[in-house]
Amino acid sequence: MKATSLDQFYQRLATAVGAEPHALLPPDAERAVGHFNVFNIQEQFRDYPEMPVMPYDRRAYYKISLIRGRSRAEYANKTIELDQNALLFATPKVPYYWVPQNPAQAGRFCVFTSEFLLPAKSGIILEELPLFQASGFPAFQVSDAEWTELNALFEKMERELASPYAYKYDLLRTYVLELLHAGQKLQPLPVQPAAPTAAARIASLFTELLERQFPLTTPPQQLPLRSAKDFADRLAVHVNHLNKALKQQTGHTTTALIAQRYVEEAKRLLQQPTWTVSQVSDSLGFAEVADFSHFFKRHTSLSPAAFRQ
Numbered sequence: 001m002k003a004t005s006l007d008q009f010y011q012r013l014a015t016a017v018g019a020e021p022h023a024l025l026p027p028d029a030e031r032a033v034g035h036f037n038v039f040n041i042q043e044q045f046r047d048y049p050e051m052p053v054m055p056y057d058r059r060a061y062y063k064i065s066l067i068r069g070r071s072r073a074e075y076a077n078k079t080i081e082l083d084q085n086a087l088l089f090a091t092p093k094v095p096y097y098w099v100p101q102n103p104a105q106a107g108r109f110c111v112f113t114s115e116f117l118l119p120a121k122s123g124i125i126l127e128e129l130p131l132f133q134a135s136g137f138p139a140f141q142v143s144d145a146e147w148t149e150l151n152a153l154f155e156k157m158e159r160e161l162a163s164p165y166a167y168k169y170d171l172l173r174t175y176v177l178e179l180l181h182a183g184q185k186l187q188p189l190p191v192q193p194a195a196p197t198a199a200a201r202i203a204s205l206f207t208e209l210l211e212r213q214f215p216l217t218t219p220p221q222q223l224p225l226r227s228a229k230d231f232a233d234r235l236a237v238h239v240n241h242l243n244k245a246l247k248q249q250t251g252h253t254t255t256a257l258i259a260q261r262y263v264e265e266a267k268r269l270l271q272q273p274t275w276t277v278s279q280v281s282d283s284l285g286f287a288e289v290a291d292f293s294h295f296f297k298r299h300t301s302l303s304p305a306a307f308r309q
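Here the UniProt record's numbering is used: the first residue of the sequence shown is 1, the next is one more, and so on.
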């Protein structure tokens, strides 16, 4: 089963609410590492008498929904009836079908990609959480008091996403983590975390080494570890072994994880008026500004100069 992409998600939502897809995107989505957005169900569907049925498929993104109104979540091996208030978690790996049972649906939902919650940023590996495992319990009834508390968290997300705060995506990550922990606490049975595997230990050590290099604080500062081989040598493992462990734990290659962190740091530095593009390029270890510009544009679709505007 082919996963529904973010573009398809926005196309479907735009069709359902009678809007253009670009009008549904956050105002500065290109500045974020990964993708995040949050929606108010009542606001989006206020002109429509019935909520659309969500088709049975997988999605290439994560989704957390807070729903008020009777509905049903159907999975390959189970059906969960949601009588009134519900908190629902969706992962790219598990297809499901959401069916509203009455027209009076309220609440909010957020969508985000795995890049938005990279282990280096969040300290967690999403697919290791019971919430996002095929055997996990992905939907929960919540009390009126719990619904009010969770809804307040979604409201904070909405306000923050619209704010000009330079570090708002870091704050939004903490809100998403709070939702994840709320779901973990609602698990029907206590779940003991699995003992870390060798791959998990390597991934953790790699993340620690990568993060230890940042933030860059002055233009003369240089990154000691730049390539996959640099990290493998420091960890005393073969570069292929490191790559396999990271791919297993995060779904990304060593080079991709390094590049994602470089892009994040480049974005932060480009927002600092005291750093020139040349200084950012040099501190990140690029031989030429043109190489840095090509790298940055490949990952963000913007040149460093355009990003600064």
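We treat Cβ as the ideally placed atom computed from N, Cα and C, and that holds for glycine. Note that the structure is a prediction, hence the values are computed from the model and not measured.
Asked: Among Thr276, Lys93, Leu172, Leu118, the one whose alpha carbon lies nearest that of proline 138; Found: Lys93
Asked: Cβ pair arginine 68, alanine 106 closer than 9 Å; Found: yes
Asked: Beta-carbon spacing of glutamate 128, alanine 200 below 9 Å; Found: yes
Asked: Spatial neighbours of tyrosine 165 in its chain, beta-carbon cut-off 8 Å, leaving aside the 5 residues before and after; Found: Leu171
Asked: The region 269-282 / the region 225-241 touching (three or more Cβ pairs under 8 Å); Found: no
Asked: Residues near glutamine 251 in its chain [Cβ-Cβ closer than 7 Å; skip 5 each side]; Found: What sits at residue 251 in the sequence shown is glycine, not glutamine. Same-chain partners within the cutoff: Ser114.
Asked: Pick from Val38, Thr300, Phe296, Glu20 that is closest to lysine 156, judged by C-alpha positions; Found: Val38
Asked: Three-state class that DSSP yields for threonine 197 in the structure shown; Found: coil
Asked: Phenylalanine 286, DSSP secondary structure in three states; Found: coil
Asked: Alpha-carbon to alpha-carbon, serine 71 and asparagine 102; Found: 7 Å
Asked: Simplified DSSP state of leucine 13, which is helix, strand or coil; Found: helix
Asked: Candidates Arg308, Ile125, Glu20, of which the one nearest threonine 197 by Cα; Found: Ile125
Asked: Cβ neighbour criterion (16 or more within 10 Å) applied to proline 190; Found: Since pLDDT at proline 190 reaches only 40, below the 50 mark, its modelled position is unreliable, and the value read off the structure follows with that caveat. Under this definition proline 190 is an exposed residue.
Asked: Cutoff 6 Å; reference asparagine 85; Cβ partners in own chain excluding five residues on either side; Found: Arg68, Val142, Trp147
Asked: Residues near alanine 306 by beta carbon distance below 6 Å, same chain, minus five either side; Found: none
Asked: Rounded separation between glutamine 11 and phenylalanine 132 - CA only; Found: 25 Å
Asked: Pairwise C-alpha distance: isoleucine 64 and arginine 298; Found: 29 Å
Asked: Option in Ser278, Pro219, Ile80, Leu209 with minimal Cα separation from isoleucine 258; Found: Leu209
Asked: Status (buried if at least 16 other CB within 10 Å, exposed otherwise) for aspartate 47; Found: With a pLDDT of only 49 at aspartate 47, under 50, the local geometry of the prediction cannot be trusted, and the value read off the model is given with reservation. It is exposed - the Cβ of aspartate 47 has fewer than 16 other Cβ atoms within 10 Å.
Asked: Anticipated Cβ contact below 8 Å, leucine 235 with phenylalanine 206, distance rounded; Found: 7 Å
Asked: Coarse secondary structure for lysine 71, derived from DSSP in three states; Found: Reading the sequence as shown, one finds serine at residue 71 and not lysine. Note: serine 71 maps to strand in three-state DSSP.
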